[in-house]
Structures are given as C-alpha cells and as structure tokens.
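Accompanying notes for the structure given below.
Residue numbers (the working numbering): 6 to 294.
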C-alpha cells in the first residue's frame, strides 16, 4: 500500500513529506520568499532516499565493525562512515539514518539556489544556510514532550548544521537514562550517531533502571537483544547526576576530536552543556514563547 503524502501546511511556510517511517517537515526560502512549491515538487527525491535505505537494510543493521565492504550507494555509505567516526562498537549505521536522509534532502534542495533550508526528520534536523543567513533551533528537555525550554541561535559563519536529539521516549531506543540529548555538528548524519552515543552514555549502575531486550519492543530493531531502558522510577538524584556526568564526558570527547560542535544534555531535572558551547555552537536562551 502506497501511503506517500505531500502537503503544504496552511498558513505556514513548510511542507510535510511522509511515507511509512519517513516524516519530513521542510522549510526552504529564496531570501524572504518561501519555496514551498519547489519543495513539494522535489518530494520524489525524499521518497527515493527511504527506498535506498530499504535496499541496503540488511547491511545497515549490522554493527559497523563487522561491515567488510562499504556499500556502493552513497547514502548508505555515508551512514556507515558516520557511525565509524563516532566509534562506539555497538553502533549500527541505522543510528545515523534519520540524520543522513535529512542531510541528503537539504543538500539536494540547496542546489536550487535556496538561501535557507531546514529539514526536520522527526526531530533530527539538517540546516543549510547561504552567506548572511541565520537559524534558531529549539531544545526540548524531554524528548517525549513538545515543550521547548530553550532556543539556540546558531553561530554566524557555518553554512551547514546538523542538530539531532536522542533519549528516552524518542522514535529510537536508548540504553541510557537521558530525557534528551541534542548534538550539534557540521552535518546531521554525524550528529545523529553522536546523539545516540551520548544518550547511551548517560548511564549509571542503579537497580531501579529497568531494561528489556530491544527486540522485545521492536522485533525489527537493529539492536537485537541488547538491553534498552524502559523505566527509571526510583533512580536517585545523585545517580542521575552521575549519569549526566558520564554522558557529558562522552560528548566533550566528541567535541575534542572535532566530530561535533557541542551538545546539550538533560537527565531528569539536571542539564549540562559541553565546554565552550556558546562559542562553538551559539547563544543559548530560555524560550519566551
């Protein structure tokens, strides 16, 4: 059954492109003019990205260290390369799938002399900016809530950004206890893998953390029987702070290696930023909306 859907939002300069697990909300501009008709006309490219993932799915569900030869398809190859850069042995290329699709769609649209494009793939975002353009993104302290607590005014200069979020309650499963981890990088593919790794690292030994095999929740998951977090009732505030510190250490290491620009982490009511966040990423402000 073909459930492909393309819809220009009424009263909003954005286009919804949807097909199965793919749900893109795309904004594109020529200067001050929204390019919604162009985005809608290029929806087939978005659907093709999903098809390319499906055609390489068996390989993309393998742990990256077991993949002997890179796939010929550029999108699939990018997914493999991104998680290899992050380096966690238990990552599969599927950890970068949403971000990689967002990147490919954003780059495709940017070729049409777009001055600003923002592709939101279920909370994993690719941004492309012409000279002089700026963008602001919101941060949700809980990935399972639509409530925004802060906004980040992305720094001047970089033309390409990836802003990706992982944690408990998201579309993907996590091994950690972060309520939300947002990672900022040069592209969404690497930011996606980075967000997964940092969220997984927000962990501490605590008997109140309840985990179950990933495949008991989703039989088709790439994580197999690996334990994923489903409950944290009773975890002490002290242990939440320890988990946050563990995640922050992992995020700071990714920054030091030059793989990501920065990250915001939330575990329960506790929040942390990577070192030198405002210079590397942008100014963080409380949301006033």
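In this text, a Cβ means the ideal position worked out from N, Cα and C, and glycines have one as well.
Query: Runs of 4 residues minimum, wholly inside the region 157-237: which ones carry the alpha helix (DSSP H) assignment?; Result: 193-206 and 219-222
Query: Tell me the rounded alpha-carbon separation between residue 231 and residue 216.; Result: 9 Å
Query: By the three-class DSSP mapping on this structure, what secondary structure does residue 11 have?; Result: strand
Query: Identify the residues that DSSP records as bridge partners of residue 144: which are they?; Result: 155
Query: Using DSSP with H/G/I as helix, E/B as strand and the rest coil, what is residue 133?; Result: strand
Query: Can you tell me which of the three DSSP states residue 104 falls into?; Result: helix
Query: Please determine if the region 64-84 and the region 178-187 are in contact, where contact requires at least 3 C-beta pairs separated by less than 8 Å.; Result: no
Query: First and last residue of the alpha helix (DSSP H) that includes residue 66?; Result: Where residue 66 is concerned, there is no enclosing alpha helix (DSSP H), given that its DSSP letter is neither H nor E.
Query: My guess is that residue 153 and residue 143 are in contact by the Cβ rule of under 8 Å, so how many angstroms apart are they, rounded?; Result: 4 Å
Query: When the Cα atoms are used, what is the spatial distance from residue 264 to residue 195?; Result: 7 Å
Query: What does DSSP give as the partner residues of residue 27 in its beta bridges?; Result: 24
Query: Taking three-plus beta-carbon pairs below 8 Å as touching, is the region 158-172 in contact with the region 39-47?; Result: no
Query: The alpha helix (DSSP H) with residue 56 in it runs from where to where?; Result: 48-60
Query: Residue 33 by DSSP, collapsed to three states: which one?; Result: strand
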